[in-house]
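Note that this note's numbering has the sequence shown beginning at 67, numbered continuously upward.
Only one structure is covered here, and it is reproduced in the block below.
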Amino acid sequence: MAHQHARLIAALRSMSEPALELLYAGGWPARLAHRCGLQPPPHVIRHHIAHAEGGARQPALRIAFASDFHVGATTHWAAIEAACRAIEQQRPDLLLLGGDFVSLHQRHIGPLARRLGQIPAPLGRFAVLGNHDRWARPHIIMRHLEQAGVQLLINENRRLPAPFEHIWVCGLDDADTGHPDARRALRGADGTRIILMHSPDTLANLGDEPFALALAGHTHGGQVALPSGRALLVPGGALCRQYAAGIFALGGAQSRTLIVSRGVGYSTFPFRAFAPADVVMATLR
67 MAHQHARLIA
77 ALRSMSEPAL
87 ELLYAGGWPA
97 RLAHRCGLQP
107 PPHVIRHHIA
117 HAEGGARQPA
127 LRIAFASDFH
137 VGATTHWAAI
147 EAACRAIEQQ
157 RPDLLLLGGD
167 FVSLHQRHIG
177 PLARRLGQIP
187 APLGRFAVLG
197 NHDRWARPHI
207 IMRHLEQAGV
217 QLLINENRRL
227 PAPFEHIWVC
237 GLDDADTGHP
247 DARRALRGAD
257 GTRIILMHSP
267 DTLANLGDEP
277 FALALAGHTH
287 GGQVALPSGR
297 ALLVPGGALC
307 RQYAAGIFAL
317 GGAQSRTLIV
327 SRGVGYSTFP
337 FRAFAPADVV
347 MATLR
C-alpha cells in the first residue's frame, strides 16, 4: 500500500512539470540563486567500506557516486561544473550516476551528458534513470548518455575488468516511475555486488539479496532540513524517509552497506537549507 501511495504521488507530481517549466521559463531561478550565492560547490563525502570477498591482496576500488543533477531551470551550470571538477580531483576508478539528470525538459541533457563523459573513469561510467528523467523523454536522455560513454543499467549488470573481475555493478530501474526487477538485475552476478539505484525505496525489491554496497539518491536529504540535518520533506516512500541521507549498515546474512547522497542539484526550488549538495567517494576494500 505504501509503495502504491508513493507511485501515486509521483504520478501527480509529474503533472506539475509543464506548469513549472512555464513558470521558470528562461531559467531565471537558477540564475538568481547563483548570483545570490545559494548554490555553492558540493561537499565531497568520503566513506571506506570493508568487504572481504575480494581477498586481502585485492587493491582498493575507488568509486565516485553522483546523483540528482537536475540540470535545467533550477540548477545553474556552475553547480554542475563544480561537481564534475570535484569528482575529477578524486581520480576515481569507477563513476556511478544515480539518475535525475534533468528537470522539466530533456533538452538540457546534451551538455550534461558530454561533461559527464569527460570525467576520467578507467573502469567505466554507469548510470540509472530517475523519476525526473522518466517524466521527460527517457529514450532521448539514454541516447545522449550512451553517446557520451555512460552505460545505462536498467535491470542489468556489468562485470568489472581485472583486477576487479570479482565485482559486478547491478543497476535497478526506478521504484516509483519504472519497473525494478532484482532478479534480472542480479542474474549472473555471483561475486561482490555493487547496487546502483535512484531511490532508497528500491531496496524493497532486493529483499535479502546479498550485496556489498548500494548507492542511491532521490531524497536530496530533504533539500530543506532542520539545523540538525533532519529532513523536513522527503520525496518517495517509507524507505526514503528512513534512509534520507548518509551511510547505513543494513545487516543481513552478508554485511550490506547503503549510502544515500543528497545529490548535486536542486528540484522545484533553487536552494537548499541544512542539506548541502554532495558527491560521494566510496573506497571498497
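Ideal placement from N, C-alpha and C gives every residue a C-beta, glycine not left out.
Cβ-Cβ distance between residue i and residue j below 9 Å
i: Ala341; j: Ala282; result: no
i: Gly329; j: His136; result: yes
i: Gly312; j: Val326; result: yes
i: Ala116; j: Arg351; result: yes
i: Leu218; j: Leu252; result: no
i: Pro336; j: Ala99; result: yes
i: Arg180; j: Ala148; result: no
i: Pro125; j: Pro204; result: no
i: Pro266; j: Leu305; result: yes
i: Met347; j: Arg151; result: no
i: Gln156; j: Arg128; result: yes
i: Gly165; j: Asp240; result: yes
i: Ala91; j: Ala139; result: yes
i: Gly331; j: Ala145; result: yes
i: Leu272; j: Ala248; result: yes
i: Asn223; j: His264; result: no
Residues bridged to residue i (per DSSP)
i: Val326; result: Ala282, Gly312
i: Gly138; result: Thr141
i: Met347; result: Arg112, Ala130
i: Ile146; result: BP columns for Ile146 are empty, so no partner.
i: Phe192; result: Leu162, Gln217
i: Arg123; result: BP columns for Arg123 are empty, so no partner.
i: Leu292; result: Answer by DSSP bridge pairing: none, since Leu292 is not bridged.
Alpha-carbon to alpha-carbon, residue j and residue i
i: Arg250; j: Arg322; result: 20 Å
i: Ala68; j: Leu299; result: Residue confidence is low: Ala68 scores 48 on pLDDT, short of 50, so the model does not pin down where it sits. Its coordinate-derived value is still stated next. Rounded to the nearest angstrom, the two C-alpha atoms are 16 Å apart.
i: Thr243; j: His232; result: 31 Å
i: Leu178; j: Phe167; result: 8 Å
i: Trp234; j: Ile206; result: 26 Å
i: Trp201; j: Gly190; result: 27 Å
i: Ile153; j: Gln105; result: 17 Å
i: Gly93; j: Ile185; result: 26 Å
i: Leu226; j: Ile175; result: 27 Å
i: Leu172; j: Ala130; result: Looking at the sequence provided, one finds Gln at residue 172 rather than Leu. Those two C-alpha atoms are separated by around 24 Å.
i: Gly303; j: Tyr309; result: 10 Å
i: Ala280; j: Thr349; result: 13 Å
i: Asp134; j: Ala343; result: 10 Å
i: Ile220; j: Pro246; result: 8 Å
i: Glu83; j: Leu170; result: 6 Å
i: Ile260; j: Phe192; result: 11 Å
i: Phe277; j: Thr258; result: 6 Å
i: Leu89; j: Leu182; result: 28 Å
i: Ala270; j: Pro158; result: 29 Å
i: Pro107; j: Met208; result: 26 Å
i: Arg338; j: Gly287; result: 10 Å
i: Thr334; j: Ala132; result: 19 Å
i: Leu262; j: Phe314; result: 15 Å
i: Gly103; j: Leu324; result: 31 Å
i: Leu162; j: Arg101; result: 30 Å
Which of helix, strand or coil DSSP assigns to residue i
i: Thr268; result: helix
i: Leu298; result: coil
i: Pro336; result: coil
i: Leu305; result: helix
i: Ala68; result: With a pLDDT of 48 at Ala68, under the threshold of 50, the modelled position of this residue cannot be trusted; read the value that follows with caution. Of the three classes helix, strand and coil, the one that applies to Ala68 here is helix, per DSSP.
i: Arg157; result: coil
i: Ala152; result: helix
Residue-chain proximity (residue i, chain C), Cβ-Cβ < 9 Å
i: Ile206; result: Of the protein chains in the structure, only one exists, and it is not chain C.
Subject >> Runs of beta strand (DSSP E) lying entirely within the segment 159–187, each at least 3 residues, in chain order >> reply: 160–163
Original post:
If you scan the segment 197–253 from start to end, which runs of the beta strand (DSSP E) of 3 or more residues do you find wholly inside it?
Top reply: 222–225, 233–237
**OP:** Entirely within the segment 78–120 and at least 4 residues each: give me those alpha helix (DSSP H) ranges in chain order.
**Re:** 83–89, 94–101
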